[in-house]
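Step one of this worksheet: look at the structure below.
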Amino acid sequence: MRTWEYKPARDLGLAGHQRWTSVRRESGLDDWLIQSIWWNATRLGLGLMHRPRVSGLGHLPAHPPFVLVANHTSHLDALVVVASLPRRLRRVTLALAADDTFFDSRPRAAFAAMCLNALPLRRHRMGGHSLDELRDRLVGEPCGYLLFPEGTRSRSGAMNPFKPGLGMLIAGTDVPVIPCRIVGAFEAWPPHATQPRPIRSASTSGRHCDSTMLPTPAAAGNR
Amino acid sequence: MSDIARDRLFGVGNAFDHPVVLWVSIALVALLIAAPLAAVLLRRTGRIDDAHFRELLLRCLSWMVLAPLMIGPVLLGAAWFIGFVFVIMLLCYREFVRATGLFRERTLSGVVLLAITALGFAVLDHWYGFFVAIPALAVSVIAAVAVLADRPAGYIQRVGLAVFAFLFIGVGLGHFAYLGNDTGYRPLIVWLVLCVEMNDVFAYICGKLFGRRRLAPNTSPGKTFAGGVGALVLTTALAALVGRFVFDQTVLAAPAHLIGLGLIISVGGQLGDLMLSSIKRDLGIKDMGTLIPGHGGLLDRFDSLLLVAPAVFHYVRYFIGIGLDQPARTLSGG
């Protein structure tokens, strides 16, 4: 018989708002129920409004850990990518979202944490400790991350240079990185628009690469 | 639904008919006003420091929210009370699974949640046969569902934790909720909660005044023999004194029964407290949650009831019955 091992929730002891804004947050049965309702409703809504065409799902790994990276032009991007994942992967995928946009107020933080299952990414004060915490969780849990390496939505629709965070996040691990290409989201809901338009979008997952194929943190930082 | 059942479930007109309910409600309001004033007085006279004062005030504020939440549903009607205890059961279960890590086993957690919901229905329906059948069925389903994952490593721990969570929280608090099916549920519940809460207070005060020898130093270093014995004597006296009015004109009004009930409440309450302390020590955590400022989690507040409620329920049921003059299966109609 194995030695008994208790692993209390990482966020035990954190109250309400602290829990939503913590990278230690772990979803329980209640969060899972809310997320199931949210993602099913999102799939339905996206299907009706944007009829997304999904391809390349065969390139996705069978199980975590993994990092999905995608071009970022619209608030629809995370919805399109996560909603297109098979359920077994969707349940373990956490979107890394900007803390100054999605976690700057209690209602937004509650929505991002409970519905989107997002973790806050401190993009303007991302220290080594924060990255270590994210990396430990990625490998230790294990789980999957959805990351937008450009750091913010492109205002022109064209891809911007990558921030160094992605390389630093997976440096020294063998976590596969799966590139995803999203088409049509910029036309459907560009950064300057207040609401989406019903335009068709597409999401394509490519073959995975690993940390050795990414620009080094120094090189990426110089770009 | 019959008029008798409707009156019990939703009737508020006779909420203060029983003297125990009336006097305890008045005393509670007086205490909620007096306690913060006493804290301010103690601070002004320099008897306590700032940190102690803030902690006392935080506890008083928590009680100002908790006390109406606890007494309010009892006064509003049995349906409100049962609904309230059901919500407490769910929140306590949530705290337990997050503290032990059982929440990662979603299927098992879901099965326990369904079993607790079934218990809640059996209680509201006043269907005793179903109420006593659920524990046996739930344990079998938990053990069987855990097999389906085809993951023998850790099977005993997963099933053990799930069964323990269900029996500890679901069945423990389920018996407390079932008291709501008795015609005289208001004085019975008020008496029970009063004795359980005062048992904690008596243990704390006696421990502070006379406590030297520790009761269980490895489990809960703050508890002393003097506190335990003091609580046993004072709670038994309180239970007998107030119980005399609650069980008036029944066989339980005899002194021997009242003392027996008082001993059950005091011993059960203290053991429930120590049981949760053991769980927390084993897990290496201080509190089960953060829901109640100054107290910790809900389980930290309701731990004493978990063992007391089933024991008192079956004692009372054996001698005078629970809800015998109330129509059974009010919702399902059997």
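Chains as they are written, first to last, in my numbering: chain A, 2 to 224; chain B, 7 to 340. C-beta atoms are modelled at their ideal positions from N, C-alpha and C, and glycine is treated no differently. The structure displayed is predicted, hence computed values, not measured ones.
- Kindly list, in the order they appear in chain B, the residues whose Cβ is closer than 7 Å to that of Arg164 of chain A. Going by the sequence as given, residue 164 of chain A is Lys instead of Arg. Those within 7 Å of Lys164 of chain A in chain B number zero; the least Cβ separation is about 32 Å.
- Would you verify that the beta carbon of Ala10 of chain A is, or is not, closer than 8 Å to some beta carbon of chain B? yes
- Kindly indicate if chain B contains any beta-carbon less than 8 Å away from that of Tyr146 of chain A. no
- Starting from Ile179 of chain A, trace the beta strand (DSSP E) both ways and give me its first and last residue. 178 to 184
- Task: Note down, in chain order, each residue of its chain lying with its Cβ closer than 6 Å to the Cβ of Lys8 of chain A, except the 5 sequence neighbours on either side.
- Result: none
- Identity of the residues DSSP links to Leu148 of chain A by a beta bridge: A:Val70
- Query: When Cβ atoms are compared, which residues of the segment 104 to 132 of chain B fall closer than 8 Å to chain A?
  - Reply: Arg104, Ala105, Thr106, Gly107, Phe109, Arg110, Arg112, Ser115, Gly116, Leu119
- Item | Beta-carbon separation (whole angstroms), Leu97 of chain A vs Leu122 of chain A, contact threshold 8 Å | 4 Å
- Task: Quick one: grab the DSSP three-state call for Asn223 of chain A.
- Result: Per-residue confidence for Asn223 of chain A stands at a pLDDT of 36, beneath the threshold of 50, marking its modelled position as unreliable; the derived number appears in the next sentence. Helix, per DSSP.
- Message: Which residues in chain A have a C-beta closer than 8 Å to the C-beta of Leu72 of chain B? List them in chain order.
- Response: Under the 8 Å cutoff, chain A gives no residues; its nearest Cβ is about 16 Å from Leu72 of chain B.
- For Ile140 of chain B versus Ala121 of chain B, is the C-beta distance shorter than 8 Å? yes
- Query: Which residue spans inside the segment 95 to 149 of chain B form an unbroken alpha helix (DSSP H) run of at least 4?
  - Reply: 112 to 131
- Query: Given a limit of 9 Å on CB to CB distance, which residues of the segment 265 to 295 of chain B reach chain A?
  - Reply: Asp288, Leu289, Gly290, Ile291, Lys292, Asp293, Met294, Gly295
- Beta-carbon of Asp31 of chain A versus every beta-carbon of chain B: anything under 8 Å? yes
- Query: Can you list the residues of chain B that Trp39 of chain A reaches, using a CB-CB cut of under 7 Å?
  - Reply: Within 7 Å Cβ-Cβ: nothing; Trp39 of chain A doesn't reach chain B, min ~17 Å.
- Task: Taking only beta carbons into account, state which residues of the segment 52 to 70 of chain B come closer than 9 Å to chain A, listed in chain order.
- Result: none
- Message: As an exercise, report each continuous alpha helix (DSSP H) stretch of at least 4 residues that is fully enclosed by the segment 16 to 51 of chain B, in chain order.
- Response: 25 to 50
- Item | Extent of the continuous beta strand (DSSP E) to which Lys214 of chain B belongs | From DSSP, Lys214 of chain B is part of no beta strand (DSSP E) but of the alpha helix (DSSP H) over 191 to 216.
- Message: Using the Cβ count rule (16 or more neighbours within 10 Å means buried), how would you classify Ile162 of chain B?
- Response: exposed
- Query: For Arg100 of chain B and chain A, any beta-carbon pair shorter than 8 Å?
  - Reply: yes
- Please decide whether Gly141 of chain A counts as near chain B, where near means a Cβ-Cβ distance under 8 Å. no
- Message: Please confirm whether Leu90 of chain A has its beta-carbon closer than 8 Å to some beta-carbon of chain B.
- Response: no
- Item | Residue burial classification, Thr94 of chain A (beta-carbon count within 10 angstroms, cutoff 16) | buried
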